[in-house]
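Colleague: Got a structure for you, questions after.
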Amino acid sequence: MMTDIKKKKDKPKKTPTQKAWSVCRTILLYGLVFAVIYTAFNWWRQPVMPANPQLQLTDYQGQPVDLAALSREQPTLVYFWGTWCPICRVTSPTIDKLAAQNHYPIVTIAIKSGSDQELHRYLTENNYRFTTVNDQEGRVFADWQGQVTPSYVILKEGEMAQGLTGIQPLWSLKLRLWLSSIF
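For the sequence shown, the positions run 830 to 1012 when the working numbering is used.
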């Protein structure tokens, strides 16, 4: 018993700098573990480009949308979402801002979001101006083996350059599009 007390007294105390470094190391370690798990999970859930993808679509207003042609000129973001998706209510304003900046083509695919009229009403109520394809039965999303909404695909020259899911900040999407334009 006495030796335990003596050992505790003999143990040198950490300085404030040592404590700060210890906290930083712990935070970095947990951050790294989180990043690895998040990346693996995101990779697993991301859409997968079909062998023969349907890249010639029609938006909900009847206008043709040629994803292959758009992505030949510059990387094109395809955003899979739904009017019924609570997370999409957070991400769709970001997509609208990105589309309004007009630096890269943005095409959204509304999955099982009702008729063209219902979708039009939703887009108008939320003041969304992005190009939207109405995937009423979810066939396009199913072809891409989509698992969750929101999901994103960056197409470059008609091929999938990147795929991701979940909440993505504006800077992340801009960075990914920019990187896709370089590499």
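Even for Gly, the Cβ is constructed at its ideal location relative to N, Cα and C. No experiment lies behind these values; they were computed from the predicted model shown.
(1) In three-state DSSP terms, what is A939?
(2) At the level of alpha carbons, what is the spacing between V865 and C914?
(3) In chain order, what residues of the same chain have a beta carbon less than 6 Å from the beta carbon of L899, not counting five sequence neighbours either side?
(4) Between I938 and V977, is the Cβ-Cβ spacing less than 8 Å?
(5) Starting from I983, follow its DSSP beta bridges and name the residues at the other end.
(6) In angstroms with no decimal places, state the Cα-to-Cα distance between T920 and Q903.
(7) Assuming D972 and P879 make a contact with CB atoms under 8 Å, what is their CB distance in whole Å?
(8) Assign D925 to one of three DSSP states: helix, strand, or coil.
(9) What are the boundary residues of the alpha helix (DSSP H) that L884 is part of?
(10) Look up D895 in the DSSP assignment and give the residues it is bridged to.
(11) Does DSSP classify V962 as helix, strand or coil?
(12) Can you check which of these residues, L999, K985, W1000, G992, is closest to I1011 by C-alpha distance?
(13) According to DSSP, is P845 helix, strand or coil?
(14) Distance check for P845 and P882, CA to CA, integer angstroms please.
(15) Measuring alpha carbon to alpha carbon, tell me which residue in A990, Y908, R854 is nearest I996.
(16) Between the C-alpha atoms of V862 and W1007, what's the straight-line distance to the nearest angstrom?
(17) Round the Cβ separation of T923 and L858 to the nearest angstrom and send it over; I've been treating them as touching at under 8 Å.
Modeller: This is what the structure holds:
(1) strand
(2) 26 Å
(3) Closer than 6 Å at the Cβ level, and outside the excluded window around L899, lie T905, P934.
(4) no
(5) L906, Q991
(6) When rounded, the separation of the alpha-carbon atoms in T920 and Q903 is 22 Å.
(7) 5 Å
(8) helix
(9) No alpha helix (DSSP H) holds L884; DSSP gives it neither H nor E.
(10) Q885
(11) Three-state result, V962: strand.
(12) K985
(13) helix
(14) 58 Å
(15) Y908
(16) 27 Å
(17) Contact doesn't hold; Cβ gap of about 30 Å is too wide.
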